[in-house]
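> Here my numbering runs 10 ahead of the position in the sequence shown, where the first position is 1.
Quick reminder that beta carbons are idealized off the backbone N, C-alpha and C, glycines included.
Attaching a single structure in structure tokens format; questions to follow.
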Amino acid sequence: MRFSRFIFAAATCAGLAACGDTTGEQAILGGGAGAVGAAVLNADPLFGAAVGAAGNVLYCKTQNTCN
Numbered sequence: 011m012r013f014s015r016f017i018f019a020a021a022t023c024a025g026l027a028a029c030g031d032t033t034g035e036q037a038i039l040g041g042g043a044g045a046v047g048a049a050v051l052n053a054d055p056l057f058g059a060a061v062g063a064a065g066n067v068l069y070c071k072t073q074n075t076c077n
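Below, the structure written as structure tokens:
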């Protein structure tokens with residue numbers, strides 16, 4: 011069980027690193043990944059969505075590989 015959570019967490023992090031074409035898409039992708047990750051880890055999905063959205067937008071805006 012612990013190993014499957016690790017795999018899911020790694021997949022969620024990979025999803026957070028996926029940039030959308032617009033800031034809205036970046037927030038939606040990050041928010042979705044954060045909410046799902048938080049739900050699997052029995053944390054607050056709303057907080058996970060907020061952190062995921064903010065993290066993905068910040069990542070995408072600071073990296074040259076994203077739009």
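1. So residue 72 is in the alpha helix (DSSP H); what residue range does that whole segment cover?
2. Let me confirm a value: residue 66 is counted as buried when at least 16 other C-beta atoms fall within 10 Å, else exposed. Which label applies?
3. Which residue marks the beginning of the alpha helix (DSSP H) containing residue 39, and which one marks its end?
4. Out of 39, 62 and 35, which has the shortest C-alpha to C-alpha gap to residue 48?
Reading from the atomic positions:
1. Where residue 72 is concerned, the enclosing alpha helix (DSSP H) stretches over 55 to 72.
2. So residue 66 ends up on the buried side.
3. Residue 39 -> alpha helix (DSSP H) spans 33 to 50.
4. Taking the Cα of residue 48 as reference, the smallest distance to any Cα among 39, 62 and 35 is reached at 62.
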